[in-house]
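J.: This is the structure I have questions about; it appears just below.
Shown next as structure tokens:
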């Protein structure tokens, strides 16, 4: 009979979904079912494919690998470019926009068209782009691709439409910003230097127009040559040949002198009256040695020279220049004001900096008030108006990566009171000493949209810290930080500690987070095989942390075998009492090979004073067994109404009663099946009580390799060690119960840990879910149950008996009795959710939060208040029972409970596998959202499992995205797109439509400040720069056309990113056709340009040939 059930179950599992609406397969047990058909349920599904669209919403965090910085002093908007081709635009809090160059080329330089709502980017592929910032989603208007020269420096004078572009060959070209066409005016390097010079001056590293005369252009070459070029006369005014290479230059606002920074750590000052030599050379950080020579210093990469009205002394700000002898010193920014020299040490290398000034005019007193410093992994602003130079408090979340992010959790529609409470607690621990002035980057406008609800993002980090973020209305603000490492004793300096054997660098790294917003209970899973349970309190408390130690081992080889069934153990009393766990052995300091019954970390066993906020109450630790470290925890669930905590790994399952601080269940996965085990397995030989060699060893976990026994290993790689490159996800996977081929896939637990498993793997617990459900087919009323999903695609239902009275709940034991109920799917189980017979989502019961450390009130005794969502409470019209949605890495099924009949089945993917799946609420309905390893995002209707959306969102998936991707209600999701940035997306059409309202405006109409009246004498003696007409000089009429082969003009795409993102749905066919048409038109345009180029070339050749013929026509043969 058992074999017949197995065969029938295999047939029903592989059945395709029936689009006609009839049941797709029968009961999992193969027996007749009285379950209603889908038509009898009469569930009205409202979600359609047009309700879904993929769209990026906002990106948080400091740009990864930043390269360039720019600031609009009138609009007060900041731009940051990155190595991956991204551009981040920042204004006041809420004004935050991310743009991406399609080429992915690094951004070399940024130039704002000041107060024009436009930005020019110069990229490493030698292309200039003009971005329109007058729309909420900036788009490229024009692009200009240089074909024969490499761009090294750009300069755009204020209120000018002509952009100077310096190249690697030493030439300077001029681009019209309005038409994005090259001018025929070119400053060739050989015209800029003297004819007698035998060496090339090198690439152009600096371009700037003189504040005194806009018709003079200062050109700095890398070799140390400086040229003042007269644009009108087309010749040089003077040339300077300096011994040291130049990195940057900066003018005094009067235009009579300028300063240069050099590769030897020196600053040179030059006066235009005498350019034969600098009138001052200083080594700010170079001391004079005994022999009279200056000690060698590092290059000064950039210098800015700014004047102030209130002080006769100018501000000189530069980066670098430290002595080589001062090894180990952090990167510095130096501020020189008169004789005072202030050195500001930075946490990361300085990429770029800008001095912010009150006026955009370079020929006025600058009045510097702040310095924006762009670091490799941070972004700080220094207040120059105060003598101690404090930094501004950054309103943007630039410290997400303070410790590398190892996991994320996203909660939408949280209780409205939780955010103010967390903020009030977290505000007490904020740093002080910030500048009291307002944040200087205050451009743009942003208002909270009408459709906002409380959202919280939780990030876990490698150092064991947990951060709560307010993510309401596309913003991100830090609320509260928790350090889980404070629960444990610090390892002694002489003893590396037990944690070193588990994870060398990050023994406290957070692997998983489970949070109940209603009860405010937090569970944290650490990489050292521990779980910490926290309760929230507004009051401080002195308490002792309870520690439970679990010896979780497997007594059988979970190997599918053709042996007889007599080796399969069965339960002696499946309805009996909760099994007694084996008492842990006392700790010992035995050698590693004999280490047994000790945890990886030592919990503090003394009274601890805990501040208000999250306070640790219980720690559950898995123990070493026979010299083998505990296996990583692969699944976790918490239910505050039941007072239970469940955790699982490759060895089995543990259920903990955290109210009574006891272990209710500690069993291997095999023992949970009893006689209902669908597989035939071999018993362990020869020792029964010895823990098996490690099946799920973490990276660098164990050195105990055995030649006599084949080891089954999986690699856990910390996110701190992940490469930034795309990582192949095609790892070997074990055989499923249906003997499906699992090549090119990996096993993924609910913690998103990636495994590589042999075919003889043991069965890991991959997902856990507490719910009010039916443990047996004969049950008539729902009871508390624990649903257990395994890596072999099996689902077990474990009913529990929990006392209802509060006092009895704290005293009487909770009975846990596995029944052997088994449901089967293809692939590892990822997610379990529940619907009532009306198709509505059934939430797990929870306990309403109460502060356990609050003072007692005699009138209001503190009792547990439970909220229960029983499936039978709202189903009088629909009948008894509920629906269970189970999703694996290959398949999704909907079962009717308690009959366990499979109503719907859908094979999600055959070529790939699902990494993350969640049952989410969208548009007042429910759907199943899936993220696959091949980058596809899919949504399926519930309960019929109709495909609604399938978009190839990410062309390649790296390991970081696989570990951090998570869905939430409201059609939102997030993932870690780089080590320092969180990307939020939406898959809801409604939110895509409302996104324009939610985003901030980058451009606001502001009148350009008027230039100061220079006065008669200053205008007379200082020269009249206002008469310089660049149009007359650089226009086509005067300068002619530039060579077409030098650069190619590319018209902007006009924001086609959004169209491409939508191209995966049903409506996407039209978008695809439109994109193809535009691409075809672009190719035709390129062909037309090439044809015109060939015609021009032919005309030129014909003209030259005709001139040569006329020239040689009357010459004799001897005159040639």
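In UniProt numbering, the protein residues as written are 1 to 1120. Beta carbons: idealized from backbone N, C-alpha and C, even for Gly. All values derive from a computational prediction rather than experimental measurement.
#1: To the nearest whole angstrom, what separates the beta carbons of residue 356 and residue 440, a pair I think is in contact under 8 Å?
#2: Helix, strand or coil: how does DSSP classify residue 414 here?
#3: Looking at the unbroken beta strand (DSSP E) that takes in residue 771, where does it start and where does it end?
#4: If we ignore side chains and look at the alpha-carbon of each, how far apart do residue 539 and residue 853 end up?
#5: Residue 283 by DSSP, collapsed to three states: which one?
#6: Around the C-beta of residue 474, are 16 or more other C-beta atoms found within 10 angstroms, so that it is buried, or is it exposed?
#7: For the stretch 936-1013, list the beta strand (DSSP E) runs that are entirely contained and at least 3 residues long, ordered along the chain.
#8: Run the CB neighbour count on residue 653, radius 10 Å, all protein chains shown included, and call it buried at 16 or more, exposed below.
#9: For a quick check, are the C-beta atoms of residue 300 and residue 250 less than 9 Å apart?
#10: Just checking my contact of residue 66 with residue 81 at CB under 8 Å: how many whole Å lie between their CB atoms?
#11: In this structure, how does DSSP classify residue 318 when only helix, strand and coil are distinguished?
#12: Mark residue 286 as exposed unless 16 or more other C-beta atoms lie within 10 angstroms of its C-beta, in which case mark it buried.
#13: In three-state terms, what does DSSP make of residue 1106?
#14: Would DSSP call residue 143 helix, strand or coil?
#15: In or out: residue 621 buried (at least 16 other Cβ within 10 Å) or exposed?
#16: Are the Cβ atoms of residue 964 and residue 405 separated by less than 9 Å?
#17: Which of helix, strand or coil does DSSP assign to residue 809?
#18: Would you call the CB atoms of residue 330 and residue 347 closer than 9 Å?
#19: Which residues does DSSP pair with residue 621 in a beta bridge?
#20: Are there 16 or more other CB atoms within 10 angstroms of the CB of residue 629, so buried, or fewer, so exposed?
#21: Just to confirm my understanding: we take residue 533, look at its own chain, exclude 5 residues before and 5 after, and list those with CB closer than 6 Å. What are they?
#22: Suppose contacts are defined by Cβ-Cβ distances below 9 Å. Is residue 144 in contact with residue 113 by that definition?
#23: Around the C-beta of residue 1003, are 16 or more other C-beta atoms found within 10 angstroms, so that it is buried, or is it exposed?
#24: For residue 203, collect the residues of the same chain with a Cβ closer than 6 Å to its Cβ; drop the 5 residues on either side in sequence, then sort them by chain order.
#25: In chain order, what residues of the same chain have a beta carbon less than 7 Å from the beta carbon of residue 537, not counting five sequence neighbours either side?
#26: With the cut-off set at 9 Å, would you say residue 253 and residue 159 are in Cβ contact?
#27: By Cβ distance below 6 Å, which residues in the same chain neighbour residue 142 in space, the five residues on each side in sequence not counted?
#28: When DSSP labels each residue in this structure, what does residue 194 get in the three-state scheme?
#29: Taking residue 1121 as the reference, give the member of 898, 771, 845 and 982 with the closest Cα.
#30: Count the other CB atoms within 10 Å of the CB of residue 1012; is the residue buried (16 or more) or exposed (fewer)?
#31: Quick check: what's the CA-CA separation for residue 196 versus residue 1043?
#32: Taking the straight line between their C-alpha atoms, what separation do you get for residue 497 and residue 480?
#33: Count the other CB atoms within 10 Å of the CB of residue 387; is the residue buried (16 or more) or exposed (fewer)?
#34: Please give the ranges of any beta strand (DSSP E) in the stretch 197-281, keeping only runs that are unbroken, at least 3 residues long and fully inside the region.
#35: With 16 as the cutoff for other CB atoms within 10 Å, does residue 1112 come out buried or exposed?
#36: So, do the stretch 414-424 and the stretch 972-986 have three or more beta carbon pairs nearer to each other than 8 Å?
T.: Taking the definition as stated:
#1: 6 Å
#2: coil
#3: 765-773
#4: 6 Å
#5: coil
#6: buried
#7: 936-941, 947-952, 966-968, 972-978 and 981-988
#8: buried
#9: no
#10: 7 Å
#11: strand
#12: buried
#13: helix
#14: strand
#15: buried
#16: yes
#17: helix
#18: yes
#19: 530 and 549
#20: buried
#21: 523, 617, 618 and 658
#22: no
#23: buried
#24: 152, 168 and 222
#25: 612, 615, 851, 852 and 853
#26: no
#27: 130, 180 and 1052
#28: coil
#29: Since the first residue shown for the chain is 1 and the last is 1120, residue 1121 is missing from the structure and cannot be characterised.
#30: exposed
#31: 28 Å
#32: Reliability fails at residue 497, whose pLDDT of 45 lies under 50, so the model's placement of it is uncertain and no value is given.
#33: exposed
#34: 204-209, 216-221, 225-230, 235-241, 246-251, 257-262 and 267-271
#35: exposed
#36: no
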